[in-house]
Amino acid sequence: MDQGIGSRGRRIIAEVISIGDELTTGQRLDTNSQWLSQRLGELGIAVHFHSTVSDEMPAMECVFRVAINRADIVVVTGGLGPTADDLTRDAIASVTGKSLILDEGSLEAIRERFRARGREMPANNRQQAMFPAGSRVIPNLLGTAPGIEMGVARPSEGRAWIFSMPGVPAEMKPMWHEQVVPAIGREFPDTGVVVCRSLCCFGVGESDLEMRLPDLIRRGREPVVGITASSGIITLRIMAHGKTEQFCHDLIAPVEQVIHDALGDIVFGTGNQTLESTVIQLLQQLKQTLAIVDFGLSGTLAMELFHADPTGEIFRGDISGFGDLKGLQAAMLNAKSRFGVSIVLGVGRDEDRNNVAHRDALILQEGEFQHFSLKPIRNSTIGISHSAKQAVNLLRKLLLRSELESAG
1 MDQGIGSRGR RIIAEVISIG DELTTGQRLD TNSQWLSQRL GELGIAVHFH
51 STVSDEMPAM ECVFRVAINR ADIVVVTGGL GPTADDLTRD AIASVTGKSL
101 ILDEGSLEAI RERFRARGRE MPANNRQQAM FPAGSRVIPN LLGTAPGIEM
151 GVARPSEGRA WIFSMPGVPA EMKPMWHEQV VPAIGREFPD TGVVVCRSLC
201 CFGVGESDLE MRLPDLIRRG REPVVGITAS SGIITLRIMA HGKTEQFCHD
251 LIAPVEQVIH DALGDIVFGT GNQTLESTVI QLLQQLKQTL AIVDFGLSGT
301 LAMELFHADP TGEIFRGDIS GFGDLKGLQA AMLNAKSRFG VSIVLGVGRD
351 EDRNNVAHRD ALILQEGEFQ HFSLKPIRNS TIGISHSAKQ AVNLLRKLLL
401 RSELESAG
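So for the sequence shown, the numbering used here puts the first residue at 1; every next one is plus one.
Shown next as structure tokens:
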């Protein structure tokens, strides 16, 4: 049985449009599109397009025409203010062939907002009460810019629905939840839900990981498995679409198991987990404590572990310095005594090696040193960070083995 299918027998497709010169010139970051795409996904609606357009009438008309032709739902933010460059209502009226009509109720609501502040409404705010004929007013209880809801006949088939809201997030977000979501539910009652499960991986490259999962990354399968990489961390996102959350979870579970079976301990966490938070959790479960010695990582290792354990319950402290591996070992013994911990992780450089990008990791546990060579990263901008992650990952694997031994 097909899940989340629209009235035309296919997935509902959405486009998010952000309007404003401040966005196209890079003066401000477009966070509205990200937020709205996440919310649409939660409704089971696939966002296929993002468009950002300047406050220019021809450009806006072009973007609206294209969006109406290719998307079932067009969500717009920005351009509903009282100034001459706020042209969203004009652009919608133009591309739909409608005239702008004054809505007296909206005009009175805007006047009342000014009266409540002890001010008279400026004349140019009157344009905020102008709406394309045939559209519906979306009330704005927190500002002077009402939104616009409008069904538009498509040249090809069916109708597209435009939902235009102010660009101010504090006004847009309540309008979305209280007004737009119910309207989408009314017009598209069978959208269903989307559930996303993220698995975090470390230890292999993106191509290598994809080769271990030859069929899962294929487009067009259900559930969809997406892959992204950032700073050495690879995230696999399993997205399922269906009538209910439970239906989606039932689709995701076997795919997640296949990934775990194929990748083993390359998978270190879910959601927003970091390598450092995973290690802190493992140490807590094993009733172990940690200190580190940093010989050449510029404090990166300590900073990430501190963020993962700000209370200092597990990660007790760090020592920084420079020297060869013998000096690193001596500093690690000092750290164990000074901080009273069960494990010390140290990272340094073997002075006998000619490769300046090469680093070594040492783990001191139960009076024994374990020595590991870290993979050289020649790019200086990411080398330190990646070396720190490699060291933490080695500790994670050691702790996993300890956990299995204690369970056995």
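A virtual CB, placed ideally from N, CA and C, is assigned to each residue, including glycine.
Pairwise C-alpha distance: residue j and residue i
i	j	result
residue 57	residue 241	37 Å
residue 181	residue 153	21 Å
residue 50	residue 98	25 Å
residue 401	residue 178	50 Å
residue 374	residue 260	24 Å
residue 273	residue 307	12 Å
residue 310	residue 206	31 Å
residue 66	residue 120	40 Å
residue 258	residue 227	15 Å
Same chain only: Cβ atoms within 6 Å of residue i, ignoring 5 sequence neighbours per side
i	result
residue 161	73, 151, 187
residue 216	225
residue 124	82
residue 386	232, 377
residue 136	149
Which residues DSSP lists as bridging residue i, in chain order
i	result
residue 199	236, 270
residue 359	DSSP output for residue 359 lists no bridge partner at all.
residue 164	76, 148
residue 364	344, 369
residue 226	237
residue 102	130
residue 50	16
residue 153	159
Contact set for residue i: own chain, Cβ-Cβ below 8 Å, skip 5 residues either direction
i	result
residue 202	232, 233, 234, 266, 268, 275, 389, 393
residue 166	77, 78, 80, 81, 140, 143, 145, 147, 172, 175
residue 156	69
residue 100	89, 90, 93, 130, 131, 132, 133
Buried or exposed (CB count within 10 angstroms, at least 16 for buried), residue i
i	result
residue 32	buried
residue 322	exposed
residue 345	buried
residue 115	exposed
residue 30	buried
residue 397	exposed
residue 38	exposed
Beta-carbon proximity of residue i to residue j, cut-off 8 Å
i	j	result
residue 195	residue 245	yes
residue 365	residue 342	yes
residue 168	residue 75	no
residue 411	residue 282	Because the chain here runs from 1 to 408, residue 411 falls outside it and cannot be looked at.
residue 164	residue 92	yes
residue 197	residue 138	no
residue 279	residue 319	no
residue 13	residue 48	yes
residue 347	residue 391	yes
residue 238	residue 223	yes
Same chain, Cβ closer than 7 Å to residue i, five either side skipped, listed in chain order
i	result
residue 212	262, 263
residue 159	151, 152, 153
residue 107	126, 129
residue 384	297, 298, 300
residue 52	18, 23, 24, 30
residue 86	79, 80
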